[in-house]
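Q: Quick one: structure below, then a few questions.
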Amino acid sequence: PTDNFGRAAGNEFAIGTGLWTDPDVDRAAGLRGVVSMYKALNGMSPGKLIMRSAVWETLMQGSQFRSSFGNAVGSIPMNPEQVRAYLVANDLPPVVVNDAQFAGQYLLPADKILVVPPAGSGLGATYWGPTLASGDPAFSALGADAPGAVIGLIKSEGVNSNLRAQADALVAPALANPNQTMVVKVK
């Protein structure tokens with residue numbers, strides 16, 4: 010099962026113009042509909058459309074791109090930069106292709122896009138917190154940019170004396186506004 014991280018059920022849907030498995034479905038029109046819905050819900054334009062390369066390849070296979078770029082026969086692969094320029098010219102946010110994996114599993118599904126806000130929108134933040142070592146006088150804070158990070162020099166005495174640096178930090182990401190994201194099934 011997947012976690013929606015508190016996102017409203019209405020922020021997860023199938024694209025309204027038809028799934029991209031049909032090459033004749035107008036990809037740009039579908040994405041413009043998604044952007045309009047995003048603006049209505051959030052009062053701002055989305056910052057990025059994030060997708061796996063499998064989704065990006067399906068987007069580029071739309072017949073609208075072939076006819077726009079003089080490749081109606083479909084034998085010449087579409088140039089990704091031409092497709093990106095076409096999308097930007099249609100007032101759509103930039104596409105980010107992300108095939109990242111963790112423990113052998115893709116982080117993004119192969120049939121959906123993730124619509125996210127621009128940076129600094131209040132989607133979430135990373136918080137630093139004090140660690141047990143931060144109360145030890147041998148440790149000092151690294152500064153205002155990393156209030157939960159501390160470092161200390163530890164010296165051992167004796168025949169095999171040495172000096173070592175030890176660092177400690179506590180960092181936690183937090184999602185503050187999950188409804189600033191959308192998950193859209195496109196294939």
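The sequence shown begins at 10 in this note's numbering and counts up by one. Every residue gets a Cβ at the ideal spot worked out from N, C-alpha and C, and that includes glycine.
1) State the CB to CB distance for the pair L28 and K196, rounded to an integer number of angstroms; the pair is presumed to be in contact (CB under 8 angstroms).
2) Taking the C-alpha atoms as reference points, what is the distance between F14 and L132?
3) Mind checking I59: buried by the 16 CB within 10 Å criterion, or exposed?
4) If you drop the 5 nearest sequence neighbours on each side, which residues of the same chain put their C-beta closer than 6 angstroms to that of P127?
5) Rounded to whole angstroms, what's the CA-CA distance from N198 to G129? Just pull it up for me.
6) Restricting to Cα atoms, I'd like to know which of V97, N99 and Q73 is closest to M203.
7) Could you check which residue in R36, G138 and A147 has the C-alpha nearest to that of L96?
8) Could you check whether T135 and L179 sit closer than 8 angstroms to each other, using their CB atoms as the reference points?
9) Pick helix, strand or coil for A134, following the three-state DSSP scheme.
10) Do S149 and I160 have their C-beta atoms within less than 8 angstroms of each other?
11) Can M191 and V124 be called in contact, C-beta distance under 8 angstroms?
A: This is what the structure gives:
1) 5 angstroms
2) 12 angstroms
3) buried
4) G56
5) Outside the displayed span of the chain (10 to 196) sits residue 198, for which this structure offers no information.
6) There is simply no residue 203 to check, as the chain begins at 10 and stops at 196 in what is shown.
7) R36
8) no
9) strand
10) yes
11) yes
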